[in-house]
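K.L.:
In this note's numbering, each number is its position in the sequence shown, counted from 1, plus 358.
Don't be surprised by glycine CBs; every beta carbon is placed ideally from N, CA and C.
Dropping a structure here in structure tokens format, bear with me for questions.
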Amino acid sequence: MQLDVQMRRLGRHSVIYGLGGIVSRILAVFLLPLYTRYLDREDLGAVGIVVALSAVLVTVL
Numbered sequence: 359m360q361l362d363v364q365m366r367r368l369g370r371h372s373v374i375y376g377l378g379g380i381v382s383r384i385l386a387v388f389l390l391p392l393y394t395r396y397l398d399r400e401d402l403g404a405v406g407i408v409v410a411l412s413a414v415l416v417t418v419l
């Protein structure tokens, strides 16, 4: 493959990867009011632990 084709492909994949991260953060912002309304403190703590654990596992694995 030529270098310009590879660079375009890399750029396209980078945009798709970046959009996935942006969409997940925007979705988290919109879901936050639902979480705070329907979950109590203990449940929010459990969700926080699961999120932190998944972040560590994604980094390690």
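If you follow the alpha helix (DSSP H) that Gln364 is in, where does it begin and where does it stop?
P.N.:
Per DSSP, the continuous alpha helix (DSSP H) segment holding Gln364 begins and ends at 361-396.
K.L.:
Quick check on the DSSP output: the alpha helix (DSSP H) that includes Leu415 runs from which residue to which?
P.N.:
399-418
K.L.:
Please state if the CB of Leu402 and the CB of Tyr393 are separated by a distance shorter than 8 Å.
P.N.:
yes
K.L.:
Taking the straight line between their C-alpha atoms, what separation do you get for Asp398 and Met359?
P.N.:
55 Å
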